[in-house]
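Working notes for the structure below.
Number of protein chains: 2
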Amino acid sequence: MQNLLQKQIFPALQSDWLKAPHDGALLAEGLAFTTDSYVVSPLEFPGGDIGSLAVFGTVNDLAMCGARPRWLSLALILEEGLPLEQLQRILHSIQQAAGRCQVEIVTGDTKTVERGKGDGLFITTTGLGTLLSTPPPHPSRIQTGDAILINGDLGRHGLAVLAQRQKLELEGPLFSDCAPVHAEVEALLQAGIELRCLRDPTRGGVASVLHELAQASGLSFQLEETCLPLHEEVQAVCEILGFDPLYLANEGKFLAFVPAPQAEAALQILKHFNSEAAQIGAVTQASPTPTVNLKSPWGTTRTLDLLSGEQLPRIC
Amino acid sequence: MQNLLQKQIFPALQSDWLKAPHDGALLAEGLAFTTDSYVVSPLEFPGGDIGSLAVFGTVNDLAMCGARPRWLSLALILEEGLPLEQLQRILHSIQQAAGRCQVEIVTGDTKTVERGKGDGLFITTTGLGTLLSTPPPHPSRIQTGDAILINGDLGRHGLAVLAQRQKLELEGPLFSDCAPVHAEVEALLQAGIELRCLRDPTRGGVASVLHELAQASGLSFQLEETCLPLHEEVQAVCEILGFDPLYLANEGKFLAFVPAPQAEAALQILKHFNSEAAQIGAVTQASPTPTVNLKSPWGTTRTLDLLSGEQLPRIC
Chain A
578 MQNLLQKQIF
588 PALQSDWLKA
598 PHDGALLAEG
608 LAFTTDSYVV
618 SPLEFPGGDI
628 GSLAVFGTVN
638 DLAMCGARPR
648 WLSLALILEE
658 GLPLEQLQRI
668 LHSIQQAAGR
678 CQVEIVTGDT
688 KTVERGKGDG
698 LFITTTGLGT
708 LLSTPPPHPS
718 RIQTGDAILI
728 NGDLGRHGLA
738 VLAQRQKLEL
748 EGPLFSDCAP
758 VHAEVEALLQ
768 AGIELRCLRD
778 PTRGGVASVL
788 HELAQASGLS
798 FQLEETCLPL
808 HEEVQAVCEI
818 LGFDPLYLAN
828 EGKFLAFVPA
838 PQAEAALQIL
848 KHFNSEAAQI
858 GAVTQASPTP
868 TVNLKSPWGT
878 TRTLDLLSGE
888 QLPRIC
Chain B
578 MQNLLQKQIF
588 PALQSDWLKA
598 PHDGALLAEG
608 LAFTTDSYVV
618 SPLEFPGGDI
628 GSLAVFGTVN
638 DLAMCGARPR
648 WLSLALILEE
658 GLPLEQLQRI
668 LHSIQQAAGR
678 CQVEIVTGDT
688 KTVERGKGDG
698 LFITTTGLGT
708 LLSTPPPHPS
718 RIQTGDAILI
728 NGDLGRHGLA
738 VLAQRQKLEL
748 EGPLFSDCAP
758 VHAEVEALLQ
768 AGIELRCLRD
778 PTRGGVASVL
788 HELAQASGLS
798 FQLEETCLPL
808 HEEVQAVCEI
818 LGFDPLYLAN
828 EGKFLAFVPA
838 PQAEAALQIL
848 KHFNSEAAQI
858 GAVTQASPTP
868 TVNLKSPWGT
878 TRTLDLLSGE
888 QLPRIC
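Just so you know, the sequences run in chain order A and B.
In case it helps, our numbering puts the first sequence at residues 578 to 893.
In case it helps, our numbering puts the second sequence at residues 578 to 893.
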């Protein structure tokens, strides 16, 4: 995918905007603008469905731009044969999710394709929000010494979708962490926390997103394995199936880069929303090239590289 | 589709915005916001492709709101196996189309689905534009006596896609009319023409769009069959295959409702862009219910109803 984007899509479109290492565009008019297509399979999974995923995903992309989510557009591509009751459940979920985030779905479109030409339902949501902070969070603002925070535990969305898709029989329930994070971002800003960079670790997980931010900022990141918030069931499934939770998709999580002196205050605010919020690492000099390093409980360090293939396809 | 939207989708989403008989949302901030998914089959056809169609379609939806198109988002859903050369051609076409319309593609997303779970390529474009006229064009502003203008000939997009899909062997070439219309709208506004309502007759053609506007305005429309601009080859294919050009999709066309005293001035401006522009009818009182009537060359009148099925699926 990285290859397809960098070698085919970006050069062909000749837009400087798309080269920005960001989830959305910041328009001169104080607006953030972001779009995502959702092709998750299956359409419904423990903890969410394609509808809530699409609303929260776009809300979160706006929040990551330092914007208050305001308006959404909703485009549906239905495959003939999608059960009407399922469509109804998903539409209800969209409406509930939008209400929860106080965003309005102001325009939309619906297309249908013949059986076998789609996969039940694809959703594209596009969001518009008003920028809350100036300058907005951006990878170029990351500085040596910054603390790296996360607002909760890792890896549940990826595993919940996988378990549902593969019909894995797990001992306990494993729910996606699908949720909006805009309220947490606003609370941090209101408390005067300087949000140097924000990013939601969705596809590719925390490791892939940090790898991208290290390249964009020209700095290295040092993570502490003992600080990573992990639920027991995620740890157990990862051990059995050989997944690394750092590469699993999350949906209601974000990474925040804040100045070290503000780290504790920021963490207290995040813990107010979710007691599992944690500082997972810090920014260091790049020596000699930007890397993401993970320190194990035994003091050893390994470098987190980009995975060459997609660990789990159609996770969002 | 009408049924699905009115009975399932709109009620479930509980958004007053979506009930508006409009192609886009007018945000209080002087912005128009519109989205469309494109699932046209085949992906390339004489006169255009899914890429130019998506850009021009969204540009035109913004123009129909009385807005100047400014920013686009672009979301691609690729099916595994789409030839890279074809993707390259379509991306190039997107870039060219955006340049022609002076809009910037500022953000995007790409997802892939397995072979058999899509149909080559689906595109969702969302547009943002700045409103040019106050009040903006709207069905509620249509008045008895208004002239109904069109900016050129009818039915070419629908037939061009159909001919390509069915591999019809036609004597002459039949090209889609796929094109942007924002420059024409701006020229009308700059000349002081009061644009009471604008609408692009895409899916369902001129008849379906006028039927919807009659319901929304509570007025009737009288069309003159002799005034409808039709290319010879469209007329010929319609006669052979039994299509009515009033129900065929157009892509570079729009209907403008203007006050009768301004009709001639408006028409001269439209003819500057396309000599086939014409006044095709006028607004009359609803008696007793809003209808769209077509007067034939022989003086007889027939009512244009909504078609119950979709005449041509996946035309855009």
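The C-beta atom is built at its ideal place from N, Cα and C for all residues, glycine as well.
Candidates the options: closest to residue i by CA position
i: A644 of chain A; options: A:S650, A:A652, A:T635 and A:L651; result: A:T635
i: Q856 of chain B; options: B:P646, B:G829, B:E801 and B:S885; result: B:E801
i: Q679 of chain A; options: A:P713, A:L709, A:P712 and A:V632; result: A:V632
i: S650 of chain B; options: A:D626, A:T612 and A:E841; result: A:T612
i: G729 of chain B; options: B:T689, B:V783 and B:E763; result: B:V783
i: I817 of chain A; options: A:P874, A:R773 and A:L736; result: A:L736
i: F771 of chain A; options: A:L582, A:A837, A:L664 and A:N870; result: With the sequence shown as reference, residue 771 of chain A is identified as Glu, and Phe is not the correct amino acid for it. The candidate whose alpha carbon is nearest that of E771 of chain A is A:A837.
i: T878 of chain A; options: A:Q799, A:P646, A:E761 and A:G685; result: A:Q799
i: S710 of chain B; options: B:L664, B:L747 and B:M641; result: B:M641
i: L726 of chain A; options: A:P874, A:L582 and A:P806; result: A:P806
i: T721 of chain A; options: A:R733, A:C804 and A:G858; result: A:G858
i: D882 of chain A; options: A:R891, A:G876 and A:E789; result: A:E789
i: E662 of chain B; options: B:R776, B:L620 and B:I700; result: B:L620
i: V814 of chain B; options: B:G624, B:G749, B:R780 and B:L582; result: B:G749
i: A652 of chain A; options: B:I586, B:F622 and B:R647; result: B:I586
i: D600 of chain A; options: A:L889, A:T861 and A:T779; result: A:T779
i: L582 of chain B; options: A:F610, A:Q862, A:L664 and A:G706; result: A:L664
i: E809 of chain A; options: A:L659, A:Q767, A:L747 and A:I700; result: A:L747
i: T687 of chain A; options: B:T687, B:K688, B:G676 and B:I700; result: B:I700
i: A862 of chain A; options: A:D723, A:G769 and A:Q845; result: The sequence given here has Gln at residue 862 of chain A, not Ala. With distances taken between Cα atoms, Q862 of chain A lies closest to A:D723.
i: P822 of chain A; options: A:V860, A:L745, A:G781 and A:N851; result: A:G781
Cβ pair residue i, residue j closer than 8 Å
i: G704 of chain A; j: L639 of chain A; result: yes
i: L569 of chain A; j: Y824 of chain A; result: Coverage of chain A is limited to positions 578 through 893, which leaves residue 569 of chain A absent and any answer about it impossible.
i: I654 of chain A; j: S592 of chain B; result: no
i: E558 of chain A; j: L698 of chain A; result: Missing from the structure shown is residue 558 of chain A; chain A here goes from 578 to 893 and no further.
i: L595 of chain B; j: I682 of chain A; result: yes
i: A833 of chain B; j: L765 of chain B; result: yes
i: S797 of chain A; j: N870 of chain A; result: yes
i: A854 of chain B; j: K848 of chain B; result: yes
i: A589 of chain A; j: Q672 of chain B; result: yes
i: V617 of chain A; j: G732 of chain A; result: no
i: R742 of chain B; j: V690 of chain A; result: no
i: T702 of chain B; j: A602 of chain A; result: no
i: H734 of chain A; j: P646 of chain A; result: no
i: W875 of chain A; j: F610 of chain B; result: no
i: G706 of chain A; j: A674 of chain A; result: no
i: L775 of chain B; j: V762 of chain B; result: yes
i: A768 of chain A; j: P867 of chain A; result: no
i: N637 of chain A; j: P712 of chain A; result: no
i: K920 of chain A; j: D696 of chain B; result: Outside the shown range of chain A, which is 578 to 893, sits residue 920 of chain A, and nothing can be said about it.
Proximal residues of chain B, C-beta to C-beta of residue i below 8 Å
i: M578 of chain A; result: T687 and T689
i: W648 of chain A; result: A602, L604 and F610
i: L668 of chain A; result: Q585, I586, A589 and L590
Closer than 7 Å at the beta carbon, the chain B residues around residue i
i: T861 of chain A; result: By Cβ distance, chain B contributes nothing, its closest Cβ being about 31 Å from T861 of chain A, past 7 Å.
i: Q663 of chain A; result: Ordered by position in chain B, no residue passes the 7 Å Cβ test against Q663 of chain A, which lies about 11 Å from the chain.
i: I654 of chain A; result: S614, V616 and F699
Interface partners of residue i on chain A, CB under 9 Å
i: R891 of chain B; result: K688, T689, V690, E691 and K694
Chain-ordered neighbours of residue i on chain A, where CB pairs are closer than 7 Å
i: L582 of chain B; result: T687
Residues that residue i contacts on chain B, provided the C-beta gap is smaller than 9 Å
i: L595 of chain A; result: L651, I682, V683, T684 and G685
- Query: Okay, do the segment 710-724 of chain B and the segment 653-671 of chain A touch, 3+ Cβ pairs below 8 Å being the bar?
  - Reply: no
- Identify each residue in the segment 670-692 of chain A for which the Cβ-Cβ distance to at least one residue of chain B is less than 9 Å, and report them in chain order. I671, Q672, A675, G676, E681, I682, V683, T684, G685, D686, T687, K688, T689, V690 and E691
- According to a CB-to-CB cut-off of less than 9 Å, which residues of the segment 827-855 of chain B neighbour chain A? none
- So, do the segment 817-831 of chain A and the segment 738-755 of chain A have three or more beta carbon pairs nearer to each other than 8 Å? yes
- May I ask you to list, following chain order, the residues of the segment 695-728 of chain B that have a beta carbon less than 7 Å from some beta carbon of chain A? G695, D696, F699, T701, T703 and L705
- Proximal residues, the segment 751-772 of chain A versus chain B, C-beta separation under 7 Å: none
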